[in-house]
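Working notes, beginning with the structure itself.
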Amino acid sequence: MESVGVEGVANEVRTAFESGKTRSLAWRRSQLKALQRLLYEEEEGMFRALKEDLGKHQAEAYRDEVGILIKSVNYALENLKKWTTPRRVHIPLLAFPTRGELVPEPLGVVLVFASWNFPIGLSLEPLIGAIAAGNAIVLKPSELAPASCNFIAKSVSKYLDNMLVKVVRGGPDVGQKLLEQKWDKIFFTGSSRVARIVMAAAAKHLTPVAVELGGKSPAIFDSLESARDRKVAVERIAGAKWVPCSGQVCIGVDYVLVEEQYAPVLIDQLKATLEKFYPRFDCLSRIINEQHFQRLSNLIKDPSVAATIIHGGSLDSETLFIEPTILLDPPLDAEIMNEEIFGPLLPIITLKKIEDSIEFIRARPKPLVIYAFTKDEKLKSRITAETSSGSLTFNDTMIQFACDELPFGGVGGSGFGQYHGKFSFDLFSHTKAVLRRSFLLEFTFRYPPWDAWKLPFMRSIYHFDYVSLLLRVLGLKRS
Amino acid sequence: MENGAEKEAVGEGFDGARAAVLVAGLRRGFASGRTRSYEWRAAQLKGIARMIDDKEAEIMAALHDDLAKPHMESYLHEISLAKAACTFALKEMKRWMKPEKVPTSITTFPSSAEIVSEPLGVVLVISAWNYPFLLSIDPVIGAIAAGNAVALKPSEVAPATSSLFATILPKYTDNSCVKVVEGSIPETTALLEQKWDKIFYTGNGKVGRIVMTAAAKHLTPVALELGGKCPVLVDSNVNVKVATKRIAVGKWGCNNGQACVSPDYILTTKSFAPTLVDAMKKTLEKFYGKDPLESPDLSRIVNANHFRRLTSLLDDEKVSGTIVYGGQQDEKRLKIAPTLLLDVPHDSLIMKEEIFGPLLPIITFNEVEDCLDFINLKAKPLAAYLFTKDKRLEERFIKTVSAGGMLINDTALHLANPHLPFGGVGESGIGAYHGKFSFDSFSHKKAVLSRGFGGEAPARYPPYTPQKQKILRGLINGSIVALLVAILGWPRD
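Here the protein sequences come in this chain order: A and B.
Under numbering that gives the first Met the number 0, read the first sequence as residues 0 to 478, first letter to last.
Under numbering that gives the first Met the number 0, read the second sequence as residues 0 to 492, first letter to last.
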């Protein structure tokens, strides 16, 4: 698409927004209901697109994308009235008669960039919040997932308001042209490298941004006495590594930290779990494209890293298949331990004491999520207080993503801005403070000329010292 | 003993290297963990409150030096608001620091969840010159309440206040985690090159862009408190005496119009304008006498630069010709009298840029409706004001005008209420603060979800049999049956 095209799209959407159509609850509800219909009626189309782009099994597609979207849209519809209702605010008696409230309003026209790993989920989830908040949207799905990109363009056009919700397809050059326009908010999911470009472009227009990035999200694996607990824990770790999109997931487990004496137990259970989950590999997503396949292969090409592979390691460049691979203590300065892996390679790092995991994590950039499998309440408290991450989940993985009541987003290197549930609504809103006064009751000592006698009055007021104020008004108290 | 203040001395610039050392020191201070405790934060806030009490006279003197600010204004708008921010934070901080429990749904049953507030880490506060005391200490109070280490760069355009901060703040706070850096563009640039966990900037849009561009290199979140042209729409059905007093105190009573929430221009109907102008003239004479340049209750213009900027707005004959009151100037004392202009051309410079001074254009239209349209043609301001008794107009105003904050029948007051978020939208800024909003602005809200090992759902995992897929659907959509089935561990492996 040429730059005239992009500029034209931006102008069209802005004009449409300024018509005021998105302000009505009726419009927002109709769009959310249309999304609901899209998700129910186009299920097969979504499964097909995700299978084509990533080899995703339909169960995975439902669990991680379609089902999540259905839940989110339902939640938004249920709560739309509540979210859009202005909130009364406490005003001190001294300012009587005054009424204060917080009025949410749309920011205007928002630009959403989605990434390729959950191409449908990460495109439509921000859309839900932006629509609920009354914005117009331009969405750029990732060109690295072309089937999903086409699906989104076709179905958004079919189900949603074409003037106010637009899809723009293309690569980095189209992204660049979009960034030259003026938006009221930019929501970006992807890599830090591109996020910097987005934020720098946004700065030219003072456009607020939200950037959902990644990082190396660790799983701390403490000793668990019960074999059943260990089995469940390891299944959950596997469920955050290979099960979602073959590890190409921002909230996946990047690496595991375990005490060296328990490493054998962990490894055994991991191998058993892999056998159980993958008697064949048809349930495993493939790597998105050759570039990422190359990147991942290079991570284990390094001989000092390859030497630490204890399971898996086979690659097929034709089918872009990488076998679930486990490494034991690769060198900490190797790339695999410094870049976000985003693939089916799982390093296990052993420590003398499990408490050392806290220092280990703190020495590195703040991750999107920290997982910890432990029943030790003291360790839990320490992890909560002494580490920082977007989210923290104890004894499970991935599932925090499905909680509408929890904010989802990063901190530090993993990004800023949070969404899901009401947090989405707030992210795409401006919360306007409105104060109403009447003409009754004037405090004349507010006004110049500021004779010396007025200052003590003001002191009483600012200390909310009603008694002093009353005395002064009655002339019974002088400075 | 660490130095609390880094000063620019001759031949010894505060450059990138020294900025890096400063940040490293703050990181060490933060990493020690001392800012996390309630006790540390309360001690700092109490220190700041004591500082405000002990040094009230010095603060007022510095404000008078920098801006010829009348004592009453210094007290009302800077000292008492700063003190109130401390007191409010001290009172509420325990509650703010407590994790917030949130409900969880069937999808994750059984589980418990909470949102934990944690400090972002090491933050940079860059302050402005017009309320140089308040706009420095207020964000610092928020940063400390949230448990951060903080570097403050006061505005060099208010040098007396900047220097005062450098001297007194280190005496009342923990120097390992609270630092003051004085200086101008080179020093600010050096600071902006460093990696911060948040940057809080108060000032204008031009520098706001520079700050955000610098922040983008490190993906540092920012809060930008900027300005804009705050409009006042005056309806004809008002108590005009009270209205003009409230407009006047928000305009000239706030640093002689040099305030981000000062009314920038007035809109009213052609028929009401004469009444309004008359009332405003009376009010101005009552407030400032017949010779306003001699009134001790008016701040001066901050420096020669801004004085020239303001007077040149009147250079245009088409603009100066519309002056209906005031217009007196004294370049030596940097004083400009309250000036009213009636119907300046809409495309004049005075109607394009934020005035930030004692000139008040009054624009008239035939209908109130046209006034609303005019406001919406311009960039979103930090504040918008409406004077009316018409409830319907009130509702329309709130619905159709977007601004950081709004007041009906008064001006500027909202920034004194700690329960209201104070911040802009669009060109007037990003983010909000005051009260708990300050605490939130400098916090990361970490979602913490706790599960047990029971309630496992094999349906989550491959191989994906048709039965599993059915259960999965049910679980995600909150079906109790699916939950029960899943809890019973069905389907068996």
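Think of the CB as a built atom: it goes at the ideal place given N, C-alpha and C, for glycine as much as any other residue.
### Query
Can you give the beta carbon distance from A/T392 to A/A262, rounded, assuming they're within the 8 Å contact cut?
Residue 392 of chain A sits at position 393 when you count from the first residue of the first sequence. Residue 262 of chain A sits at position 263 when you count from the first residue of the first sequence. About 22 Å separates the two Cβ atoms, so there is no contact after all.
### Query
Can you pull the DSSP bridge partners for B/M405?
As a first step, residue 405 of chain B is located in the second sequence; it is residue number 406 there, counting from the start. B/M405 is bridged to A/V433 and B/A383.
### Task
Give, in chain order, every unbroken run of the alpha helix (DSSP H) that is at least 4 residues long and sits entirely within the region 197-239 of chain B.
Entirely contained in the region 197-239 of chain B, the alpha helix (DSSP H) runs reaching 4 residues are, in chain order, 204-217.
### Message
With DSSP as the reference, identify every bridge partner of A/Y254, one or two as the case may be.
### Response
On the first sequence, residue 254 of chain A is found 255 positions in, with the first residue counted as 1. DSSP lists A/P217 as partners of A/Y254.
### Query
Is there at least one Cβ from chain B nearer than 9 Å to A/C148's Cβ?
Within the first sequence, residue 148 of chain A is the residue found at index 149, counting from 1. Answer no: the Cβ-Cβ gap between A/C148 and chain B never drops below 9 Å.
#### Entry: Inter-residue spacing [alpha-carbon to alpha-carbon] between A/R435 and B/D346
Within the first sequence, numbered from 1, the residue matching residue 435 of chain A stands at position 436. Within the second sequence, numbered from 1, the residue matching residue 346 of chain B stands at position 347. Looking at the two C-alpha atoms, the distance is approximately 32 Å.
### Enclosing alpha helix (DSSP H) for B/E38 [first to last residue]
The count along the second sequence starts at 1 and reaches residue 38 of chain B at position 39. It spans Y37 to D53 - the alpha helix (DSSP H) in which B/E38 sits, taken as one unbroken run.
### Query
What residues in its chain sit with their C-beta under 8 Å from that of B/F29, if we drop five residues either side in the sequence?
As a position in the second sequence, residue 29 of chain B is number 30, starting the count at 1. If we look at B/F29 and ignore the five residues flanking it on each side, its Cβ neighbours are P118, G120, V121, N147, A148 and C176.
### Candidates A/L269, A/W241 and A/N297, of which the one nearest A/F280 by Cα
Taking the first sequence and counting its residues from 1, the one referred to as residue 280 of chain A is at position 281. Per the Cα distances, A/W241.
### Nearest-angstrom Cα separation, counted from A/L106 out to B/G430
Residue numbering aside, residue 430 of chain B sits at position 431 when the second sequence is read from its first letter. Residue numbering aside, residue 106 of chain A sits at position 107 when the first sequence is read from its first letter. Distance between the alpha carbons of B/G430 and A/L106 is about 13 Å.
### Task
Would you mind sorting A/S156 into buried or exposed? The rule is 16 or more other CB atoms within 10 Å of its CB.
Here residue 156 of chain A refers to the residue found at position 157 when the first sequence is read from its first residue. With fewer than 16 other Cβ atoms within 10 Å, it is exposed.
### Query
On the three-state DSSP scale, how would you describe B/E316?
Counted from its first residue, the second sequence places residue 316 of chain B at position 317. Per DSSP, reduced to three states, the secondary structure at B/E316 is helical.
### Interface flag, A/M0 vs chain B, CB-CB below 9 Å
For the purposes of this step, residue 0 of chain A is taken as residue 1 along the first sequence, with counting starting at 1. Low per-residue confidence applies at A/M0: pLDDT is 49, beneath 50, and the placement is therefore not dependable, though the value from the model is reported in the following sentence. Not a single C-beta of chain B is nearer than 9 Å to the C-beta of A/M0.
### Message
Please list, in chain order, the residues of the region 443-474 of chain B that have any C-beta partner in chain A closer than 8 Å.
### Response
H443, K444, K445, A446, V447, L448, S449, R450, G451, F452, E455, R459, Y460, P461, P462, Y463, K467, Q468, L471 and R472
#### Entry: Three-state class that DSSP yields for A/F44 in the structure shown
As a first step, residue 44 of chain A is located in the first sequence; it is residue number 45 there, counting from the start. Checking the displayed sequence, the identity of residue 44 of chain A turns out to be Gly instead of Phe. A/G44 falls in the helix class under three-state DSSP.
### Message
Per DSSP, what are the beta-bridge partners of A/G99 in this structure?
### Response
To locate residue 99 of chain A, count along the first sequence from 1; it is residue 100. According to DSSP, A/G99 bridges with A/V88 and A/L434.
#### Entry: Contact the region 196-214 of chain A vs the region 404-417 of chain A: 3+ CB pairs below 8 Å
yes
### Query
Using a Cβ cut-off of 9 Å, which residues of the region 266-288 of chain B contact any Cβ in chain A, in chain order?
T282, K285, F286, Y287 and G288
### Task
For A/L326, collect the residues of the same chain with a Cβ closer than 6 Å to its Cβ; drop the 5 residues on either side in sequence, then sort them by chain order.
Position 327 of the first sequence, counting from 1, holds the residue named residue 326 of chain A. Excluding sequence neighbours, A/L326 sits near T307, I308 and P346.
#### Entry: For A/H204 and B/P185, the rounded distance between their alpha carbons
Along the second sequence, one-based indexing puts residue 185 of chain B at 186. Along the first sequence, one-based indexing puts residue 204 of chain A at 205. Those two C-alpha atoms are separated by around 24 Å.
### Message
Less than 9 Å between CB atoms is the rule here; does B/S401 satisfy it with respect to chain A?
### Response
Walking along the second sequence from the start, residue 401 of chain B turns up at place 402. With 9 Å as the cut-off, B/S401 counts as an interface residue toward chain A.
### Query
For chain A, is any of its Cβ atoms less than 9 Å away from the one on B/V156?
Sequence index remark: in the second sequence, residue 156 of chain B carries index 157 (1-based). So no, B/V156 is outside the interface.
### Query
Can you give the beta carbon distance from B/S298 to B/N365, rounded, assuming they're within the 8 Å contact cut?
Locating residue 298 of chain B in the second sequence gives position 299, where the first residue counts as 1. Locating residue 365 of chain B in the second sequence gives position 366, where the first residue counts as 1. Rounded, the Cβ-Cβ distance is 36 Å, inconsistent with contact.
### Task
Check the DSSP bridge columns for A/L344 and list the partner residues they point to.
Against the first sequence, residue 344 of chain A aligns to sequence position 345. DSSP, once it has assigned bridges, lists A/T324 as partnering A/L344.
### Query
Thinking C-alpha only, which one of B/W39, B/P98 and B/A159 is nearest B/H63?
In the second sequence, counting from the first residue as 1, residue 63 of chain B sits at position 64. The candidate whose alpha carbon is nearest that of B/H63 is B/A159.
### Message
I'd like to confirm something about B/V156: is its beta-carbon nearer than 8 Å to some heavy atom of the ligand COA, or not?
### Response
Although the ligand COA was asked about, the structure shown includes no ligands whatsoever.
### Query
Are the C-beta of B/H305 and some C-beta of chain A separated by less than 9 Å?
Your numbering for residue 305 of chain B matches position 306 in the second sequence. Not an interface residue.
### Three-state secondary structure (DSSP) of A/L126
For this step, residue 126 of chain A is matched to residue 127 along the first sequence. Looking at A/L126 - three-state DSSP - the assignment turns out to be helix.
### Task
List the whole-angstrom C-beta distance separating A/V102 from A/A129, where the pair is believed to meet the contact cut-off of C-beta under 8 Å.
To locate residue 102 of chain A, count along the first sequence from 1; it is residue 103. To locate residue 129 of chain A, count along the first sequence from 1; it is residue 130. Cβ-Cβ separation between A/V102 and A/A129: approximately 18 Å, too far for a contact (criterion under 8 Å).
### Task
Determine the direct distance from the alpha carbon of A/V137 to that of B/G403, and round the result to whole angstroms.
In the second sequence, counting from the first residue as 1, residue 403 of chain B sits at position 404. In the first sequence, counting from the first residue as 1, residue 137 of chain A sits at position 138. For B/G403 and A/V137, the distance between alpha carbons rounds to 24 Å.
### Task
Measuring alpha carbon to alpha carbon, tell me which of B/E352, B/T310, B/I78 and B/L358 ends up nearest B/G226.
Along the second sequence, one-based indexing puts residue 226 of chain B at 227. Checked all of B/E352, B/T310, B/I78 and B/L358; the closest Cα to B/G226 is B/E352.
### Query
Hey, how far is the Cα of B/E7 from the Cα of B/D14?
Counting from 1 along the second sequence, the entry for residue 7 of chain B is found at position 8. Counting from 1 along the second sequence, the entry for residue 14 of chain B is found at position 15. Here B/E7 scores only 41 on pLDDT, less than 50, and its place in the model is too uncertain to base an answer on.
### Message
Looking only at its chain, what residues have a beta carbon closer than 7 Å to the beta carbon of A/M397, apart from the 5 residues adjacent to it on each side?
### Response
Position 398 of the first sequence, counted from the first residue, corresponds to residue 397 of chain A. Result list for A/M397: G238, A239, P243 and I250, in chain order.
### Task
Could you list which residues in chain A have their beta carbon closer than 9 Å to that of B/A215, in chain order?
Stepping through the second sequence from its first residue, residue 215 of chain B is reached at position 216. Correct list: A194, R195, I196, V197, M198, A199, A200, A201, A202 and V208.
### Exposure label - A/D450; buried when at least 16 CB within 10 Å
Counting from 1 along the first sequence, the entry for residue 450 of chain A is found at position 451. Exposed is the call here.
### Backbone secondary structure at B/V323 - three-state DSSP
Locating residue 323 of chain B in the second sequence gives position 324, counting from the first residue. In the structure shown, B/V323 sits in a strand (DSSP, three-state: E or B).
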